[in-house]
Amino acid sequence: MAVSTIFPGESYNRETMHSIQIPDQKQIVDKAKAAFVGLAIGDALGATCEFMTPGEIKLRYGVHKQIIGKGWLFLKAGQVTDDTEMSICIGRAIRDSRGWNLRAVAEEFADWVRGRPVDVGSTCSRGIRNYLIHQTLEMPPSRWSAGNGALMRMLPVALYTLGNDELLTQYVVEQAHLTHNNPLSDAACIFFGRLLHEALTGAGLNQLQIHTDDFVEEHSDFNYHPYPGKSSAYVVDTVQTVFHFLFSTATFEECLIGTVNQGGDADTTGALAGMLAGAVHGIEGIPKRWLKRLDSRVYSEVEALSEYLVTHSPALVIKT
Ligand code: MN
Ligand code: MN
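Residues 6 to 325 in the working numbering are what the sequence shown lists, from first letter to last.
If you want it as structure tokens, here you go:
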């Protein structure tokens with residue numbers, strides 16, 4: 006009888022897939038919520054300084070640390086952008102299809118674009134248009150699609166595949182290729198999914214950093230020692246920025262403030278840093294002033310989706 010551990014303290018039987026006990030499920034659900042809420046907060050906080058340089062941010066805000074909206078998109082305080090919205094699209098597609106359904110993800114993206122979102126990245130837009138015209142679910146490989154647009158929205162896939170690395174790898178790359186077909190983007194999507202899986206099941210920053218340093222040894226493009234200081238939408242710059250601030254800070258607040266004040270693609274680096282720092286530090290680690298400011302409809306939807314996704318992972322079978 007093959008029994009393997011998915012969650013701390015839990016084991017299940019691979020043949021019957023009957024879960025025995027899930028004592029820590031509540032903790033996992035809480036961390037999943039903190040990851041998704043953290044992503045939305047990083048997006049809302051960072052969008053104010055998207056495309057600014059650190060010097061411009063300093064001149065204008067000193068240290069940017071309040072969710073005030075505005076930025077080049079003229080946002081309301083607490084409003085989120087494509088990073089959170091596309092993540093929500095993927096979460097809804099999984100929930101409404103009762104499982105992984107790539108076409109449903111593409112349809113959600115298409116509906117979202119029809120609704121005239123506040124921002125759509127150019128590579129995302131091209132991929133969605135390609136789906137609408139040709140109904141294809143994969144863009145051709147391209148060295149020009151090494152942006153962070155597939156990475157920024159992968160959280161729901163990681164939540165839904167918790168406990169199963171094979172499914173994570175398959176689904177996270179499938180969703181990526183709807184718009185971004187590039188090995189650097191793929192590697193980042195898979196590895197961020199693995200980091201999330203680890204953080205959700207209780208790994209702390211030290212453990213995540215050990216695995217990250219192994220990862221960058223294998224994928225030297227992503228090496229972040231010393232931190233090059235670029236934070237553009239190029240997936241390498243984005244990943245280096247997130248690693249640098251995640252592993253050089255001790256709290257959610259410090260991590261996010263450091264990340265977004267680096268400017269560049271600040272809503273996306275903020276979203277990804279918020280996702281990982283949220284999973285590590287939990288909802289109690291997120292400053293109350295930020296939780297209060299986040300668009301309340303977004304807040305409740307990402308919380309509900311997180312709970313749904315993480316409790317419907319094919320690797321986590323409902324107790325019988
Ligand atoms: Mn954005
Ligand atoms: Mn962005």
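Just so it is clear, CB atoms sit at the ideal spot from N, CA and C, and this is done for glycine as well.
None of the values given here were measured: they were computed from a predicted structure.
Any non-hydrogen atom of ligand 2 within 7 angstroms of D242 CB: no
Let me make sure I understand the geometry here. Which of Y239, T316, T166 and T264 has the alpha-carbon closest to that of T128? Comparing Cα positions, the closest option is Y239.
Listed in chain order, which residues are found with a beta carbon closer than 5 angstroms to a heavy atom of ligand 2? D270, D272 and T273
What does the Cβ neighbour count give for L201, buried or exposed, with the cut at 16 atoms within 10 Å? L201 comes out buried.
A52 CB to nearest heavy atom of ligand 1 below 7 angstroms: Indeed, a heavy atom of ligand 1 lies less than 7 angstroms from the Cβ.
What residue does the alpha helix (DSSP H) around F196 start on, and which one ends it? If you look at F196, you'll find it in the alpha helix (DSSP H) that goes P188 to L205.
Buried or exposed, going by whether 16 or more other CB atoms sit within 10 Å of the CB of I138? exposed
With the cut-off set at 8 angstroms, would you say T254 and L277 are in Cβ contact? no
Environment of Q84 [buried if 16+ CB atoms lie within 10 Å]: Q84 should be labelled buried.
Considering only heavy atoms of ligand 1, does any lie closer than 7 angstroms to the CB of G29? Checking the sequence, you will find Asp at residue 29 rather than Gly. Answer for D29: no, Cβ out of range of ligand 1.
In this structure, what does DSSP give as the bridge partners for Y239? For Y239, which the question treats as bridged, DSSP gives the partners G152.
Would you mind giving the Cβ-Cβ distance between L78 and T89, rounded to the nearest angstrom? I have them listed as a contact below 8 angstroms. With a Cβ gap of about 13 angstroms, L78 and T89 do not count as contacting.
Where the alpha helix (DSSP H) through W295 begins and ends: K293 to R298
Taking just the CA atoms, how far does Q140 sit from G14? Bear in mind that a pLDDT of 44 at G14, under 50, signals an unreliable position, so the number given afterwards is only what the model happens to contain. If you draw a straight line from the Cα of G14 to the Cα of Q140, it comes to about 44 angstroms.
Measure the beta-carbon distance from A181 to D170 and round it to whole angstroms, keeping in mind my assumption that it falls under 8 angstroms. The Cβ separation is near 16 angstroms, so there is no contact.
Within the chosen definition, does the segment 263-273 reach the segment 34-44 through at least 3 CB pairs nearer than 8 angstroms? Taking a contact to require three or more Cβ pairs closer than 8 angstroms, the segment 263-273 and the segment 34-44 do not qualify as touching.
Closest Cα partner of P231 within the set A208, F252 and R158: F252
Would the beta-carbon of T86 be found less than 7 angstroms away from any heavy atom of ligand 1? yes
Inter-residue Cα distance where the pair is H76 and T58: In the sequence under discussion, the amino acid at residue 76 is Gly, which differs from the His named in the question. Distance between the alpha carbons of G76 and T58: 13 angstroms.
Closest to A82 by C-alpha separation, out of G67, A49, V307 and S102, would be which residue? Nearest C-alpha to A82 among G67, A49, V307 and S102: A49.
Can you tell me whether D48 sits near ligand 1, meaning its C-beta is under 7 angstroms from at least one heavy atom of the ligand? yes
Our contact map puts T184 next to G132 with C-beta atoms below 8 angstroms; I'd like the distance itself, whole angstroms only. 3 angstroms
Could you check how far apart the C-beta atoms of E203 and L107 are, in whole angstroms? I think they sit under 8 angstroms. With a Cβ gap of about 25 angstroms, E203 and L107 do not count as contacting.
In angstroms with no decimal places, state the Cα-to-Cα distance between S318 and C54. So the two alpha carbons sit approximately 36 angstroms from each other.
Let me make sure I understand the geometry here. Which of T206, P188, E143 and S150 has the alpha-carbon closest to that of T166? The residue with the shortest Cα to Cα distance from T166 is T206.
Specify the secondary structure class of L44 as computed by DSSP and reduced to three states. helix
I300: beta carbon under 7 angstroms from a heavy atom of ligand 1? Checking the sequence, you will find Asp at residue 300 rather than Ile. No, Cβ of D300 sits at least 7 angstroms from all heavy atoms of ligand 1.
Would you kindly check if the distance between the Cβ of I95 and the Cβ of V42 is under 8 angstroms? no
Close beta carbons around S147, own chain, < 7 angstroms, minus the five adjacent residues each side: N186 and N187
In the DSSP assignment, find the unbroken alpha helix (DSSP H) run with H286 in it and report its ends. A271 to H286
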